[in-house]
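Residues in the sequence shown are numbered from 5 upward in steps of one, following this note's numbering. No residue lacks a Cβ here, since even glycine has one placed at the ideal position from N, Cα and C. Since this is a predicted model, take the numbers as computed values, not measurements.
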Amino acid sequence: MLLLALGLASTFGCSDFDKEDSQEFRQTGLNIEPTNGRDGEKTGPVDEERLVYQRHEVRRDGKVVSLKETGTLTAELVKRAQAPWLHIEDTGSVIVESEELRSIENDTAEERIYSLYSINVDTRRNTKSLDTRPLEVDEDVLNEKGERSYLNVKLRDTPVWQIPPPIDRTYISTEDADKAELERTELIRQRANNIETLSNGLRRWTESVGGKFDTTSLLIGWLKLDIPTSQLDALLQRADIVRVTSAKANSLTPNACITSPTCNLAGAGTWRLGEGRVNERLGVDEFWWKGYSGAMANPTFHGDSRLNVAVLERGAEDFWEDEALWWNDYLGSSRISRRVKCVTSPQNCADVVNFNDATTGNSHPTMVGGIIAADLLSGQAYGSSMGDTCWSGGGSHCADWENASTGIARHVNVQMFAAATTEYTLDNAILNAIASSKIPDVMNLSTSHKETNRCNPTSSYTFEDAIEAAYQTGVLVVNGPDNVGSVPQTGACNLDSPGDLPTSFTVNGFASASSNCQSDYQQCVIDGSASARGGIDVTVSGLVRSRAMSGIDLQAPGRITFRGSQSGNDGTIITTNTGGTSIAAPHVSGAAALVKHWLLATGRSWVNSPGRLHTVMLSMGDRHRGTVQSSTGFDYVHGAGKLKLRPFWNGSGIGAWGNHIRTATTTSVGLHTYYPFSQPLPSGTENLKCVMQEHEYMANKTDVSDQYLQVTLRDSSGGSCTSPGNPTTTSFDASYDLKHMVAIEGQSSLVGQCVEVTIHRMAISSAGSASASVFCTYTGIGDNEPN
Numbered sequence: 005m006l007l008l009a010l011g012l013a014s015t016f017g018c019s020d021f022d023k024e025d026s027q028e029f030r031q032t033g034l035n036i037e038p039t040n041g042r043d044g045e046k047t048g049p050v051d052e053e054r055l056v057y058q059r060h061e062v063r064r065d066g067k068v069v070s071l072k073e074t075g076t077l078t079a080e081l082v083k084r085a086q087a088p089w090l091h092i093e094d095t096g097s098v099i100v101e102s103e104e105l106r107s108i109e110n111d112t113a114e115e116r117i118y119s120l121y122s123i124n125v126d127t128r129r130n131t132k133s134l135d136t137r138p139l140e141v142d143e144d145v146l147n148e149k150g151e152r153s154y155l156n157v158k159l160r161d162t163p164v165w166q167i168p169p170p171i172d173r174t175y176i177s178t179e180d181a182d183k184a185e186l187e188r189t190e191l192i193r194q195r196a197n198n199i200e201t202l203s204n205g206l207r208r209w210t211e212s213v214g215g216k217f218d219t220t221s222l223l224i225g226w227l228k229l230d231i232p233t234s235q236l237d238a239l240l241q242r243a244d245i246v247r248v249t250s251a252k253a254n255s256l257t258p259n260a261c262i263t264s265p266t267c268n269l270a271g272a273g274t275w276r277l278g279e280g281r282v283n284e285r286l287g288v289d290e291f292w293w294k295g296y297s298g299a300m301a302n303p304t305f306h307g308d309s310r311l312n313v314a315v316l317e318r319g320a321e322d323f324w325e326d327e328a329l330w331w332n333d334y335l336g337s338s339r340i341s342r343r344v345k346c347v348t349s350p351q352n353c354a355d356v357v358n359f360n361d362a363t364t365g366n367s368h369p370t371m372v373g374g375i376i377a378a379d380l381l382s383g384q385a386y387g388s389s390m391g392d393t394c395w396s397g398g399g400s401h402c403a404d405w406e407n408a409s410t411g412i413a414r415h416v417n418v419q420m421f422a423a424a425t426t427e428y429t430l431d432n433a434i435l436n437a438i439a440s441s442k443i444p445d446v447m448n449l450s451t452s453h454k455e456t457n458r459c460n461p462t463s464s465y466t467f468e469d470a471i472e473a474a475y476q477t478g479v480l481v482v483n484g485p486d487n488v489g490s491v492p493q494t495g496a497c498n499l500d501s502p503g504d505l506p507t508s509f510t511v512n513g514f515a516s517a518s519s520n521c522q523s524d525y526q527q528c529v530i531d532g533s534a535s536a537r538g539g540i541d542v543t544v545s546g547l548v549r550s551r552a553m554s555g556i557d558l559q560a561p562g563r564i565t566f567r568g569s570q571s572g573n574d575g576t577i578i579t580t581n582t583g584g585t586s587i588a589a590p591h592v593s594g595a596a597a598l599v600k601h602w603l604l605a606t607g608r609s610w611v612n613s614p615g616r617l618h619t620v621m622l623s624m625g626d627r628h629r630g631t632v633q634s635s636t637g638f639d640y641v642h643g644a645g646k647l648k649l650r651p652f653w654n655g656s657g658i659g660a661w662g663n664h665i666r667t668a669t670t671t672s673v674g675l676h677t678y679y680p681f682s683q684p685l686p687s688g689t690e691n692l693k694c695v696m697q698e699h700e701y702m703a704n705k706t707d708v709s710d711q712y713l714q715v716t717l718r719d720s721s722g723g724s725c726t727s728p729g730n731p732t733t734t735s736f737d738a739s740y741d742l743k744h745m746v747a748i749e750g751q752s753s754l755v756g757q758c759v760e761v762t763i764h765r766m767a768i769s770s771a772g773s774a775s776a777s778v779f780c781t782y783t784g785i786g787d788n789e790p791n
């Protein structure tokens, strides 16, 4: 036995899951060396990388005090690092982006090493359409009884999305950045022209049968048709279409109940919105104390002095209370950067100066936006009651009321989208957001689409394809799934769209109204009615892997009090309990804005690239499945655990700390092995965690690549991790999931050890390439301990 011979401690990725569900895993056997893969078989050659650029800096008190550069950072290198999968055919190589940040000099300084490596790859892959699947038609299309059919139709052979994200301007000249943006604009124009040509036949046919068409979603390959129902059979015989869905109204539902008595639990406990921010719970306050509250410019995405969070909501504009005082800053100036109204007749989204909000009715968008961005801590409510029953009629409110009514990211700008109650206006809203001069940093969707075929990872609807485009642009899209329930937790998958889409960050709600949860954050368990179940079948190498894709990413509070409402001219704070995943998702959206503020403020502009913020947020969980903490993998009810922000800076209370991110792409099976930390883990290290997210673009394919994560601890050699010694501990997350996690705890296992990470690439999807980002962290406290 290899393990016994070497005296190694070992854990395997299936252990935690096997106790509670049937998620499918490969067998890793007992071979822990990275040259061995499934069942001890070799997975292929190890990547050989060549350094092409490195920036090595030391910061003290936020200022760079030492800087050494190797090579030259060009605009071309930046583009290839941001989305390496887009540049394989151009060069026959890919750029691997890697960055280490850690505390040094007894926690008085920070060392940052940013590196770009080149790896040669096979360029023989398919970058054209992968739509070889048969035509798929939703049942409600076939059951149409009216004289007219209103349809969304996806064109077969729609090209794979090849539009690069906005160029990172941080370390290149303005001239080079402007040139890159012009090139991006030209690529968008070419794509539009190509797909317009592709659609000519369908458009001519539509007009010939007395129909109408709309091209607002043509950039992602969809046409919206209004045709006589008598012509439906003829449409379905066409060879140039691959997907048909209904474009009728009422296909989207908000995922929180606002007025239902089953939601307003008078007898339940109270989790006040603002009280969730404390370090014993979500850990937001530590970010605020450091100044990371959303007031951060991001010229790569927009020209605002604050980060932008877009709240895309179904329903009429009167659901938004855009005059609520909590949208103002401390000077009384509005933090609303856009008001966008999307309508169905004619199809368009347009900026407006004001929403015609009602004083009663549905407050869902107002509530969701307030959880993210409400701020009443600077006297914004002075002179207005706003529902405060303790207010005496004077000027100020008490500090406790102001704190309880304030959201997660109090200094961000808010983009308000009011989309008509259909799936096909929401896609227009998303495309409008990412095509504007104010690309949002984070996008919140507290709504879902009830699919005919739930738990389908393929992008099958217009707004799912729009989410895919947003992801490729670099926007984090956060959603709350439908409140269909997660009890029993071993039941079948019931995720609606877009919760079943790998590029959407899906959030379940935990039972924050329970007394156990309020007294001890570690005792918070999933809310059976403010949640859904993942466990999605995926196709790998032609085989269906049962329930392999977890689907759920994190948990956040599922019930709160002190939420915003549209009642009154200034908005009103409601103190009854309200619950649903619509409550949970905006907690994560606000938290993600704070994390992005921290990363941008410390020079880590790679966070604007596709999937990077998504990957970092996967690490911001306490790993709890109920009251038990896991060490490997994602659960399809609990995800990576409850939201728990970790402040990676000196003096934050987390002890010894460091983090590292790497994004790697390939076109063939094999191994990608590296050492995220250049030095052994320091004294005081209690917790090591690595999370991996696979970048899977699902608009044109039904299968996924097969990659998994291995973390090995090795003895250091001469105080360095350049050429470490023998392995001492290893752990796998060997699932077929698209997210992976490995955690190792205990000073006795970690201190003085070198960390080795291996990405096992067992199979490449029909897209012809596989990409993944890995974020590794170490801290002096556990994932479930307060800062």
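Q) Are the Cβ atoms of Asp361 and Glu325 separated by less than 7 angstroms? A) Contact flag set, yes.
Q. Is DSSP giving Ser396 helix, strand or coil here?
A. Of the three classes helix, strand and coil, the one that applies to Ser396 here is coil, per DSSP.
**Q.** Ile99 versus Val68: straight-line alpha-carbon distance, rounded
**A.** About 26 angstroms.
Q) Leaving out the 5 sequence neighbours to the left and right, which residues in its chain are closer than 8 angstroms to Glu211 when beta-carbon positions are compared? A) Take Glu211, set aside five residues on each side of it, and the residues of its chain with a beta-carbon closer than 8 angstroms to its own are Phe217, in chain order.
Q | Spatial distance of Asn436 from Lys442 (CA atoms) | A | Going by C-alpha positions, Asn436 is about 10 angstroms away from Lys442.
Q) On the three-pair Cβ rule with 8 angstroms, is the segment 474–491 touching the segment 601–608? A) With a cut-off of 8 angstroms, the segment 601–608 and the segment 474–491 do not count as touching, because too few Cβ pairs lie within range.
Q.
Once the 5 residues before and after Ala660 are set aside, which same chain residues still bring their CB inside 6 angstroms of it?
A. Non-local C-beta neighbours of Ala660 in its own chain, meaning closer than 6 angstroms and more than five positions away in sequence, comprise Pro686, Gly688, Thr689, Gly784, ordered along the chain.
Q. Of all the options Gly729, Met553, Tyr678, which has the alpha carbon lying nearest to the alpha carbon of Gly643?
A. Among Gly729, Met553, Tyr678, the Cα nearest to that of Gly643 belongs to Met553.
(Q) So, with DSSP's three-state summary, where would you put His676? (A) Note: His676 maps to strand in three-state DSSP.
Q: Would you tell me roughly how many angstroms separate the C-alpha atoms of Gly657 and Thr219, rounded to the nearest one?
A: Looking at the two C-alpha atoms, the distance is approximately 53 angstroms.
Q. What does a CB cutoff of less than 7 angstroms around Arg173 pick up in its chain, not counting 5 residues either side in sequence?
A. Closer than 7 angstroms at the Cβ level, and outside the excluded window around Arg173, lie Ala181, Pro303, Thr304.
Q. When the Cα atoms are used, what is the spatial distance from Ser501 to Arg458?
A. Distance between Ser501 and Arg458, taken at the CA atoms: about 7 angstroms.
(Q) Rounded to the nearest angstrom, what separates Ala408 and Gly513 at their Cα positions? (A) The alpha-carbon atoms of Ala408 and Gly513 are separated by roughly 19 angstroms.
Q: Over the uninterrupted beta strand (DSSP E) stretch that includes His764, give me the two end residues.
A: For His764, the enclosing beta strand (DSSP E) starts and ends at 757–767.
Q) What does DSSP give as the partner residues of Lys345 in its beta bridges? A) Note: Lys345 sits in a beta bridge opposite Ala354, Ala422.
Q: Tell me, to the nearest whole angstrom, how far the beta carbon of Val695 is from that of Leu622; I am working on the premise that it is less than 8 angstroms.
A: At roughly 4 angstroms, the Cβ-Cβ gap stays under 8 angstroms, so Val695 and Leu622 are in contact.
(Q) So if DSSP puts Tyr782 in a beta bridge, which residue, or which two residues, is it bridged to? (A) Answer is Gly662, Leu692, bridged to Tyr782.
Q: Could you give the DSSP three-state label for Trp293: helix, strand or coil?
A: Helix at Trp293.
Q: Note the first and the last residue of the continuous alpha helix (DSSP H) segment covering Trp226.
A: Premise fails: Trp226 lies in the beta strand (DSSP E), 226–232, not in any alpha helix (DSSP H).
Q.
Can you tell me whether Ser501 is helix, strand or coil according to DSSP?
A. Per DSSP, reduced to three states, the secondary structure at Ser501 is strand.
Q. What number of angstroms, rounded off, separates the C-alpha of Phe359 from the C-alpha of Gln522?
A. If you take the alpha carbons of Phe359 and Gln522, they lie about 37 angstroms apart.
Q) Helix, strand or coil: which one does DSSP assign to Lys23? A) Its pLDDT being 32, under 50, Lys23 is placed unreliably in this model, and the value from its coordinates should be taken loosely. Note: Lys23 maps to coil in three-state DSSP.
Q: Count the other CB atoms, across all protein chains shown, that sit within 10 Å of the CB of Tyr334; report buried if there are 16 or more and exposed otherwise.
A: Around the C-beta of Tyr334, fewer than 16 other C-beta atoms lie within 10 Å, and the residue is accordingly described as exposed.
Q: State buried or exposed for Asn147, treating a residue as buried only when at least 16 other CB atoms are found within 10 Å of its CB.
A: Asn147 comes out exposed.
Q: On a CA-only basis, which of Leu277, Ile375, Ser250, Glu114 is nearest Pro465? Give me that one, please.
A: Residue 465 is actually Tyr in this sequence, not Pro. When only C-alpha atoms are compared, the closest one is Ser250.
Q. Anyone know if the C-beta pair for Ala776 and Gln711 falls short of 7 angstroms?
A. Yes, the pair counts as a contact, with Cβ atoms nearer than the cut-off.
Q) Expressed to the nearest angstrom, what Euclidean distance is found between the alpha-carbon atoms of Val548 and Asp322? A) Between the alpha carbons of Val548 and Asp322 lies a distance of about 46 angstroms.
Q | Cβ pair count under 8 angstroms reaching 3, the segment 364–381 against the segment 405–420 | A | Flag = yes, the segment 364–381 and the segment 405–420 touch.
Q: Go ahead and pull the three-state DSSP assignment for Pro88.
A: Helix.
(Q) Below 8 angstroms, how does it come out for the segment 520–540 and the segment 604–624: are there three or more Cβ pairs, yes or no? (A) Judged by pairs of C-beta atoms under 8 angstroms, the segment 520–540 does not touch the segment 604–624, as fewer than three such pairs exist.
Q. For Phe217, which residues does DSSP report across the bridge?
A. Beta-bridge pairing links Phe217 to Leu229.
Q.
Is the separation between the beta-carbon of Leu713 and that of Val759 shorter than 7 angstroms?
A. With a cutoff of 7 angstroms on beta-carbon distance, Leu713 and Val759 are scored as not near each other.
Q. In the DSSP assignment, what are the bridge partners of Thr670?
A. Bridge partners of Thr670: Ala774.
Q | Nonlocal neighbours in the same chain, by C-beta distance under 7 angstroms from Thr2, ignoring five residues either side | A | Outside the displayed range of the chain (5 to 791) lies residue 2, so it cannot be described from this structure.
Q: State the DSSP-derived secondary structure class of Gln526, mapped to helix, strand or coil.
A: In the structure shown, Gln526 adopts helical secondary structure according to DSSP, grouped into three states.
Q: Report the three-state DSSP secondary structure of Arg718 (helix, strand or coil).
A: Strand.
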